[in-house]
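Structure, as structure tokens:
Protein chains in written order, with this note's numbering: chain C, 1 to 523; chain U, 1001 to 1268.
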């Protein structure tokens, strides 16, 4: 039965790749990336074999505990637990519980994260191959750790399954986790500073962590190598008890989940609130703008990017305060312009097959393009202006203001025009409607990257005139190129915006059915 | 514009309805190595209630997608009231209301917003849209949930709101792919009434379904499609030829497995 479940998982994986060669390529790229990281970590761990015992122990225990925490947290954040072997689907098959648990746990190992974790865990055996006892202890620790990771993630996903199936929770959690993720860099830098400040801080921390369920299994090899056999036994006990406890929790939760399917309650609301549809002009373009704006607010895949934007100056300010170079703040405006404009380059991909409504209504391509671009412009324009002008209150070098505003507006308009063309022709892999913004559908990564990087390259070429004027001001020191930029940026941008909307509209008119067919593949 | 020649499935005299509501001409589509639709030609007379039946995977949805301009055919084309769908798509789509099976909706809009959106996309006047939206929601028993996001709707409610979106611009031809799937019996009866009245006032309805009983009771014409080919077409009376539509259908399509075997099923 366990073998059956594993075979099922492999078959599901293989079949998902058959849908398009891009999916295969995506898996290969993802796999290579993971192999790269895992390989790097494995080599580092093998090199630690000759390192100081305390140092090696600290690295293994801290890294290992982080991995355990990661397996526990990531499924909640991403609401992207691998549901190919969703236990709910086995409800009617009457699989005996022990076999189901074993099969699902081992099935969790199949997949990029599982394989990578296993690989790195086994490399710790290499770190501790300093004697028979240490090697054996490290091997036991590695096996226990990997199983703990898998079972922990299963416990977490099963426990939050009911919660996670509520749409509101999914929407809010995805947004809430976006913020710490964005601020990861500064936070890590802060912690690193603290660690560097007090030597031995990490060593002490790792000693404490080694007694916790997260670190016990990882510390077995190091303690054995140091000859602390009593500690090895105690920690082995902790590690086994942890795994057994988690497995028991999982079993109980799963038993309950199998007989109580997730239930979502929603209130009924009556008519009368048309929202933006009542405000904007009642034309196809106006309606599309209203729809797109509604999505910017209501759909976490869109509003996620809106949450990121205010953090942009925070990140740059942090960067500037580290180096003392506050001049870097001047790029806030152009950077925000680029991010906002480019955010609609996958607009049709975000629609998914809902785009069929535009196609069957006979919406003209130009109206479709213009409506979406205007929706983005409505909030992007004020944001970009504020971000372009704001930094100068800090830096005070106002002579750069005209050029920056010109460049920012140029990027914004040009980017919107280009994005209108790109999203009319190419689909990219994006999270499906209703999925978490962190969840990328497997595969199609290659085409997505080709489209995204190709598009950005073209955008760079298109804003060369504005960039050249900025350079001219830097070289000559005269304000004339800056003032020219203030006029030329928006003017050139608006021309390209118009051309982009036209061309995108023409392509959409000509290739609407093909675009819908492409979207249906990613369904 | 070339006047479409009557196809093999045409049954009503050309002197009655010179231009069929929908004329499908040699539509064919291949997906990879699989031929989904293998040259289907069909005339749907104006003012008819036309059922398209076929087993799962027969090519019903593919044919209707190609006939309504959503999927580009490899061969052939379709005419809506004489307008070529593939050379004058915008004009043809004005005449059609389409309910597509298996596509998403803009489900982060409320039901009311979605139907309004569908109307405004057609370039309709705001006041007309808001009056019609209210009436449609009431007729489909969705008024109480008009302000709920479509993503929180049940399957049947989603089907009904999609139907409302297809009706909003009062099209001359309605193409409904599986309109009654997961719709409760009361709503289904309401929808049937709406469609019958619509046909009575001169509109044309095409429904695809694999519920034979429903088609036999509701439709006046029927076409049987299997394995991408048209097996029969005409009035329901002609096609069923005295037998029940279901029996005729099973007879034409074949694939009924022998009743021997499965002996063990009776041994418990």
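Every residue, glycine too, gets a C-beta built ideally from N, C-alpha and C.
Nothing here was measured: the structure is a model prediction, and the numbers come from that model.
Query                                                                                                                                                                                                       : Result
Taking the alpha-carbon positions, what's the residue 429 of chain C to residue 1046 of chain U distance?                                                                                                   : 43 Å
Sorry if obvious, but does the Cβ on residue 452 of chain C come closer than 7 Å to a heavy atom of the ligand NAP?                                                                                         : Ligands displayed in this structure: none; no statement on the ligand NAP is therefore possible.
Should residue 1127 of chain U go down as buried or exposed, given a rule of 16 or more other Cβ atoms within 10 Å for buried?                                                                              : exposed
Which one or two residues does DSSP pair with residue 1031 of chain U in a beta bridge?                                                                                                                     : U/1034
Measure the alpha-carbon distance for residue 1121 of chain U versus residue 489 of chain C and round it to whole angstroms.                                                                                : 33 Å
Between the beta-carbon of residue 1026 of chain U and the beta-carbon of residue 1069 of chain U, is there less than 8 Å?                                                                                  : no
Within 8 Å (strictly less), CB to CB, does residue 1045 of chain U reach chain C?                                                                                                                           : no
Would you mind telling me which residues of chain U sit closer than 8 Å to residue 277 of chain C, beta carbon to beta carbon, in chain order?                                                              : 1113, 1116, 1117, 1120
Does any CB atom of chain U fall closer than 8 Å to the CB of residue 287 of chain C?                                                                                                                       : yes
Identify, in the order they occur along the chain, each residue of the same chain with its Cβ nearer than 6 Å to the Cβ of residue 422 of chain C, setting aside the five sequence neighbours on each side. : 345, 455
Quick check on the DSSP output: the alpha helix (DSSP H) that includes residue 1075 of chain U runs from which residue to which?                                                                            : Counting along the chain, residue 1075 of chain U falls outside any alpha helix (DSSP H), though it belongs to the beta strand (DSSP E) covering 1075 to 1080.
Excluding sequence positions up to five away, which residues of its chain have a Cβ less than 8 Å from the Cβ of residue 1186 of chain U?                                                                   : 1141
Run through chain C and tell me which residues come within less than 8 Å of residue 1247 of chain U, C-beta to C-beta.                                                                                      : Residues of chain C passing the Cβ test: none, with the nearest at roughly 33 Å.
Counting along the chain, where does the beta strand (DSSP E) carrying residue 1208 of chain U start and finish?                                                                                            : 1204 to 1209
In whole angstroms, give me the CA-to-CA distance for residue 393 of chain C and residue 190 of chain C.                                                                                                    : 26 Å
Check the DSSP bridge columns for residue 1229 of chain U and list the partner residues they point to.                                                                                                      : U/1226
Residue 1221 of chain U by DSSP, collapsed to three states: which one?                                                                                                                                      : strand
Mind pulling the chain C residues with CB within less than 9 Å of residue 1244 of chain U?                                                                                                                  : None at all; the shortest Cβ gap to chain C is about 34 Å.
Compare the C-alpha of residue 1209 of chain U against each of U/1052, U/1022, U/1034 and name the closest.                                                                                                 : U/1052
I believe residue 144 of chain C touches residue 239 of chain C by the beta-carbon criterion, under 8 Å. Please report the beta-carbon distance rounded to the nearest angstrom.                            : 5 Å
Helix, strand or coil: how does DSSP classify residue 1025 of chain U here?                                                                                                                                 : strand
Report the CB separation of residue 1203 of chain U from residue 1172 of chain U in whole angstroms; it is logged as a contact under 8 Å.                                                                   : 6 Å
Confirm, please, whether the CB-CB distance from residue 497 of chain C to residue 414 of chain C is below 8 Å.                                                                                             : yes
For residue 298 of chain C, tell me which candidate among U/1041, U/1108, U/1021, U/1081 has the shortest Cα-Cα distance.                                                                                   : U/1108
Can you say whether residue 124 of chain C is buried or exposed, counting buried as having 16 or more other CB atoms within 10 angstroms of its CB?                                                         : buried
What does a CB cutoff of less than 8 Å around residue 1221 of chain U pick up in its chain, not counting 5 residues either side in sequence?                                                                : 1011, 1044, 1045, 1048, 1049, 1050, 1051, 1233, 1234, 1235, 1236
Where does residue 482 of chain C sit, in a helix, a strand or coil, going by DSSP?                                                                                                                         : helix
Kindly indicate which three-state DSSP category residue 469 of chain C falls into: helix, strand or coil?                                                                                                   : helix
Does any residue of chain C have a CB that is nearer than 8 Å to the CB of residue 1151 of chain U?                                                                                                         : yes
Counting pairs of Cβ atoms below 8 Å between the region 212 to 231 of chain C and the region 65 to 75 of chain C, do you hit three or more?                                                                 : yes
Give the straight-line distance between the Cα atoms of residue 179 of chain C and residue 146 of chain C, rounded to the nearest whole angstrom.                                                           : 29 Å
Quick one, which of C/156, C/514, C/331, C/32 has its alpha-carbon nearest residue 406 of chain C's?                                                                                                        : C/331
In terms of DSSP beta bridges, what is residue 1269 of chain U paired with?                                                                                                                                 : Chain U is shown from 1001 up to 1268; residue 1269 of chain U falls before or after that span and cannot be answered.
Consider the Cβ of residue 1087 of chain U: report whether some Cβ of chain C lies at a distance smaller than 8 Å.                                                                                          : no
Assuming residue 1162 of chain U and residue 1111 of chain U are in contact, meaning their beta carbons sit under 8 Å apart, how far apart are those beta carbons, in whole angstroms?                      : With 8 Å as the limit, residue 1162 of chain U and residue 1111 of chain U do not qualify as a contact, their Cβ atoms being about 10 Å apart.
What is the residue span of the beta strand (DSSP E) that residue 1150 of chain U lies within?                                                                                                              : Run containing residue 1150 of chain U: none; DSSP gives neither H nor E here.
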